[in-house]
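*Asks:* To start, I am sharing the structure in question, which I have written as structure tokens.
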Amino acid sequence: MNIAVCLKRVPDTETRIKIAPDGRSMDEAGVKFVLNPYDEYAVEEALRRKEAAGGGEVVAVALGPEAAQETLRTALAMGADRAVLLKTDQRPADPLPVARALAEELRAGGYDLILFGKLAVDDGAQAVGPMVAELLGLPCVSAVSHWEPLEGGGRARREIEGAVEVVEVKLPAVLTVDKGLNEPRYPALKGIMAAKKKPLEVKPVALDAGGLEIVQLALPPERKPGRILGEGPEAVPALIEALRVEAKVL
Amino acid sequence: MGGLLVVLEQRDGGLKKVSFEALAAARSLADRLAVGVDAIALGPTNLDATRAAQFGADEVVIIADDRVRLYQPHWYVGAITEQAKTKDYRAIVLPATALGKDLGPRLAARLGWPLAPDVTEVSAEGSELFVTRPVYAGKALLRLRVAAPRAVVSVRPNSFTPVEQGRTSSLRHTVLGPEGAAPAVRTVALEAPAEAKLDVAEAPIVVSGGRGLKEPANFKLLEDLARALGGAAVGASRAAVDAGWRPHADQVGQTGKTVSPTLYFAIGISGAIQHLAGMRTAKVIVAINKDKDAPIFKVADYGIVGDLFEIVPRLTEEITKLRAGA
Ligand SMILES: Cc1cc2nc3c(=O)[nH]c(=O)nc-3n(C[C@H](O)[C@H](O)[C@H](O)COP(=O)(O)OP(=O)(O)OC[C@H]3O[C@@H](n4cnc5c(N)ncnc54)[C@H](O)[C@@H]3O)c2cc1C
Ligand SMILES: Nc1ncnc2c1ncn2[C@@H]1O[C@H](COP(=O)(O)O)[C@@H](O)[C@H]1O
Numbered sequence: 027m028n029i030a031v032c033l034k035r036v037p038d039t040e041t042r043i044k045i046a047p048d049g050r051s052m053d054e055a056g057v058k059f060v061l062n063p064y065d066e067y068a069v070e071e072a073l074r075r076k077e078a079a080g081g082g083e084v085v086a087v088a089l090g091p092e093a094a095q096e097t098l099r100t101a102l103a104m105g106a107d108r109a110v111l112l113k114t115d116q117r118p119a120d121p122l123p124v125a126r127a128l129a130e131e132l133r134a135g136g137y138d139l140i141l142f143g144k145l146a147v148d149d150g151a152q153a154v155g156p157m158v159a160e161l162l163g164l165p166c167v168s169a170v171s172h173w174e175p176l177e178g179g180g181r182a183r184r185e186i187e188g189a190v191e192v193v194e195v196k197l198p199a200v201l202t203v204d205k206g207l208n209e210p211r212y213p214a215l216k217g218i219m220a221a222k223k224k225p226l227e228v229k230p231v232a233l234d235a236g237g238l239e240i241v242q243l244a245l246p247p248e249r250k251p252g253r254i255l256g257e258g259p260e261a262v263p264a265l266i267e268a269l270r271v272e273a274k275v276l
Numbered sequence: 031m032g033g034l035l036v037v038l039e040q041r042d043g044g045l046k047k048v049s050f051e052a053l054a055a056a057r058s059l060a061d062r063l064a065v066g067v068d069a070i071a072l073g074p075t076n077l078d079a080t081r082a083a084q085f086g087a088d089e090v091v092i093i094a095d096d097r098v099r100l101y102q103p104h105w106y107v108g109a110i111t112e113q114a115k116t117k118d119y120r121a122i123v124l125p126a127t128a129l130g131k132d133l134g135p136r137l138a139a140r141l142g143w144p145l146a147p148d149v150t151e152v153s154a155e156g157s158e159l160f161v162t163r164p165v166y167a168g169k170a171l172l173r174l175r176v177a178a179p180r181a182v183v184s185v186r187p188n189s190f191t192p193v194e195q196g197r198t199s200s201l202r203h204t205v206l207g208p209e210g211a212a213p214a215v216r217t218v219a220l221e222a223p224a225e226a227k228l229d230v231a232e233a234p235i236v237v238s239g240g241r242g243l244k245e246p247a248n249f250k251l252l253e254d255l256a257r258a259l260g261g262a263a264v265g266a267s268r269a270a271v272d273a274g275w276r277p278h279a280d281q282v283g284q285t286g287k288t289v290s291p292t293l294y295f296a297i298g299i300s301g302a303i304q305h306l307a308g309m310r311t312a313k314v315i316v317a318i319n320k321d322k323d324a325p326i327f328k329v330a331d332y333g334i335v336g337d338l339f340e341i342v343p344r345l346t347e348e349i350t351k352l353r354a355g356a
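Written out as structure tokens, the structure reads:
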């Protein structure tokens, strides 16, 4: 089974965001970057599907700056066979140009399965996976938290508001994966060493600008300072009063 | 210039509140642009989309067919792009729900329009559209100008207030054609719990618990409080979810759901940055924690320091009394 898995380099979730002087981007000084947490589930699932099929190849693909090579090495250390970096410093606010460039790369690969994270924790767009599927004319299930292989495809479960959708899909297909699908493995030392020798191809790409222009990136308004109303159950009436009279939410 | 097209979302034939929120967002833009708002709804034969008129649609296109009782992406994408071809719409607006987050990108890719997902504000200046969306899990806000002639915009639940209007709109029923080859992807079932459960992302009040609850059975305290409040959902921190105490669907935070309720209770939750990312846009935050230095108190509007096992039952009791009196 040949599987592609798309990975994004993102700021660590602990990052405190500072706005860059241009007022339109994040100040990256001192920021630690990691493999997008949801993409770890995607890599793990790719490896498991390949293992279950008893053969094939797992190809990790990232679009991003030179430094995204590290992100790809993480996937190689986990067990991916080779990697492709679509190198660009462009970061359009519109997810469509990114999806177009990834689709272009994936089109000729003849993959049985193309995996994405449910969302990237930086832009949180939850868009690139289904867009790539649409551009390639492939079926897609998004936010998959459970997967059961069937002959020629599989049955996916995805959480929706207050319920679970059960979706059947034929391969080749695109899946975007949610937490809960699996428990990602940690790269072992052996894997990390092996990753250094695995092929990583760098291909420069130029993205179209997309249809959205960044006007401003700003920190959210500070919440106005709150109050401790007291200690223990004796403070409950004061809380009710505050919610009723001051905040008017009860 | 063309108007706006709103995609309505239904469950069991009734329109969901998020549909009216999407209509409210579209209506506010349409009024500034002096254009109309159309809406489209797909659902089972008992689909009732008449209320879309009340909430701001000028024309409602209704496709009531049991083949779209559940969300079927190929039918949705087909019908909506078909509708988009009939008029020169400026934007398609849809709710940023599980359905909308799946559908929005497909529509954008199919139509070649930009996608502004999960926005919390929309505005029009002259003929230009602007949106604001939280990024970095709500740690920053990104304001965007739509630089293309058309766009797909999804709106975050609980961010726009439905406005009832004295509008008369026309309802237009259309049908789906015959299905060609079997689609490669099909929703086969919707498994809803026996007792309908309000989702944390949609509930106007969320009562969340964390590791401080100590064991899963103690979440009953929060369920009692939620019931007393009415219209409340019970959420959880990742620590509670990872311990297996609560389902992942209830997790609030960076790798869970983002919620914007009117009222959020953080009970026995320390307030880690990843948790705050998911709830900091709540209108009012209440924290109950025995540690007066817990970071959650920095974002809470109101806090009580102390043992949740003493405070929560008392709170439930007082709310019940208040509700009985009201
Ligand atoms: C990549 C990544 C993603 C993450 N995503 C999320 C996410 O989506 N959501 C999320 O919540 N976390 C997330 N986390 C985890 C986060 O960092 C914290 O570990 C987690 O939020 C802690 O949960 P907690 O507050 O329940 O537990 P703790 O931090 O252990 O806090 C428990 C609190 O309960 C209080 N307490 C204990 N007993 C009582 C009592 N009897 N009465 C009153 N108070 C009491 C304590 O004082 C303490 O403040 C993520 C972490 C990473 C690395
Ligand atoms: N620049 C990128 N390079 C490779 N994959 C990406 C990129 N951006 C997004 N993705 C993939 O698409 C998923 C969803 O991202 P997003 O639509 O940005 O929330 C991610 O989890 C990745 O799998």
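Quick note, the sequences are listed as chains A and B, same order. Position in the first sequence counted from 1, then plus 26, gives you my numbering. Position in the second sequence counted from 1, then plus 30, gives you my numbering. Every residue, glycine too, gets a C-beta built ideally from N, C-alpha and C. Small disclaimer: the values here were computed from a predicted structure and weren't measured.
When you check each C-beta in the region 295 to 311 of chain B against every C-beta of chain A, which residues fall closer than 8 Å?
*Replies:* I303, Q304, A307, R310, T311
*Asks:* Three or more beta-carbon pairs under 8 Å between the region 93 to 108 of chain B and the region 195 to 208 of chain A, yes or no?
*Replies:* no
*Asks:* Do the region 169 to 189 of chain B and the region 151 to 160 of chain B meet, that is, are 3 or more Cβ pairs less than 8 Å apart?
*Replies:* yes
*Asks:* So is Q284 of chain B in contact with chain A if we call contact Cβ pairs under 8 Å?
*Replies:* yes
*Asks:* Under 7 Å: does the beta carbon of D65 of chain A sit that close to some heavy atom of ligand 2?
*Replies:* yes
*Asks:* Any heavy atom of ligand 2 closer than 7 Å to the Cβ of D61 of chain B?
*Replies:* no
*Asks:* How close, in whole Å, do the beta carbons of K44 of chain A and V231 of chain A come, if the pair is a contact with beta carbons under 8 Å?
*Replies:* No, K44 of chain A and V231 of chain A are not in contact; Cβ-Cβ is about 29 Å, not under 8 Å.
*Asks:* If contact is defined by three or more beta carbon pairs under 8 Å, each pair taking one atom from either stretch, is the region 126 to 137 of chain B in contact with the region 105 to 119 of chain A?
*Replies:* no
*Asks:* Against chain A, with Cβ distances strictly below 8 Å, would F327 of chain B count as a contact?
*Replies:* yes
*Asks:* At a cut-off of 7 Å, is A211 of chain B close to ligand 1 when judged by its beta-carbon and the heavy atoms of the ligand?
*Replies:* no
*Asks:* If you pair each beta-carbon of the region 269 to 276 of chain A with each one of the region 52 to 62 of chain B, do three or more pairs fall below 8 Å?
*Replies:* Result no; under three Cβ-Cβ pairs closer than 8 Å.
*Asks:* If A266 of chain B and D280 of chain B are in contact, beta carbons under 8 Å, what's the gap, nearest whole angstrom?
*Replies:* 5 Å
*Asks:* Can you name, in chain order, every residue of its own chain whose Cβ lies under 8 Å from the Cβ of K250 of chain B, other than the five neighbours on each side?
*Replies:* none
*Asks:* Buried or exposed: S157 of chain B, going by 16 or more other Cβ atoms within 10 Å of its Cβ?
*Replies:* Exposed, since its Cβ has fewer than 16 Cβ neighbours within 10 Å.
*Asks:* Within its chain, find whatever has a CB closer than 8 Å to the CB of K227 of chain B; leave out the 5 residues flanking it on each side and keep chain order.
*Replies:* A263
*Asks:* Return helix, strand or coil for P230 of chain A, following the three-state DSSP convention.
*Replies:* strand
*Asks:* Cutting at 7 Å between CB atoms, please list the residues of its own chain near R211 of chain A, excluding the five before and the five after it.
*Replies:* E70, M104
*Asks:* At a Cβ threshold of 8 Å, is I110 of chain B touching chain A?
*Replies:* no
*Asks:* Are A261 of chain A and I334 of chain B close, meaning C-beta to C-beta below 8 Å?
*Replies:* yes
*Asks:* Taking the straight line between their C-alpha atoms, what separation do you get for G239 of chain B and L252 of chain B?
*Replies:* 7 Å
*Asks:* When burial is assigned at 16 or more other CB atoms within 10 Å of the CB, is H305 of chain B buried or exposed?
*Replies:* buried
*Asks:* For S200 of chain B, count neighbouring Cβ atoms within 10 angstroms of its own Cβ and tell me buried if that reaches 16, exposed if not.
*Replies:* Counting Cβ neighbours within 10 Å, S200 of chain B comes out exposed, since fewer than 16 surround it.
*Asks:* Sort A:G81, A:V110, A:E83, A:E77 by Cα distance to P91 of chain A and report the nearest one.
*Replies:* A:V110
*Asks:* To the nearest whole angstrom, what separates the beta carbons of I70 of chain B and V48 of chain B, a pair I think is in contact under 8 Å?
*Replies:* I70 of chain B to V48 of chain B, Cβ: 15 Å. No contact.
*Asks:* Using three-state DSSP, classify Q304 of chain B as helix, strand or coil.
*Replies:* helix
*Asks:* On the CB-based measure, 16 or more other CB atoms within 10 Å of its CB, does P246 of chain B come out buried or exposed?
*Replies:* exposed
*Asks:* Does any residue of chain B have a CB that is nearer than 8 Å to the CB of Q95 of chain A?
*Replies:* no
*Asks:* Within its chain, find whatever has a CB closer than 6 Å to the CB of A86 of chain A; leave out the 5 residues flanking it on each side and keep chain order.
*Replies:* V31, L33, L98, A101, A106, A109
*Asks:* Could you tell me whether any non-hydrogen atom of ligand 2 is closer than 7 Å to the CB of N188 of chain B?
*Replies:* Residue side-chain check: N188 of chain B keeps its Cβ at 7 Å or more from all non-hydrogen atoms of ligand 2.
*Asks:* When burial is assigned at 16 or more other CB atoms within 10 Å of the CB, is D148 of chain B buried or exposed?
*Replies:* buried
*Asks:* Would you kindly report the start and end of the unbroken beta strand (DSSP E) that includes S184 of chain B?
*Replies:* Its beta strand (DSSP E) spans residues 181 to 185.
*Asks:* Taking 7 Å as the cut-off, is the beta-carbon of F315 of chain A closer than that to any non-hydrogen atom of ligand 2?
*Replies:* Nothing about residue 315 of chain A can be reported from this structure: the residues present for chain A run from 27 to 276 only.
*Asks:* For chain B, find out if any of its Cβ atoms is closer than 8 Å to the Cβ of G188 of chain A; answer yes or no.
*Replies:* yes
*Asks:* Give the list of continuous beta strand (DSSP E) stretches no shorter than 3 residues that lie fully inside the region 49 to 124 of chain B.
*Replies:* Listed in chain order, they are 67 to 73, 89 to 94.
*Asks:* Measuring alpha carbon to alpha carbon, tell me which residue in B:P192, B:G43, B:A181, B:A317 is nearest S328 of chain B.
*Replies:* The question names Ser, but residue 328 of chain B in the sequence shown is Lys. Cα-wise, what sits closest to K328 of chain B is B:A317.
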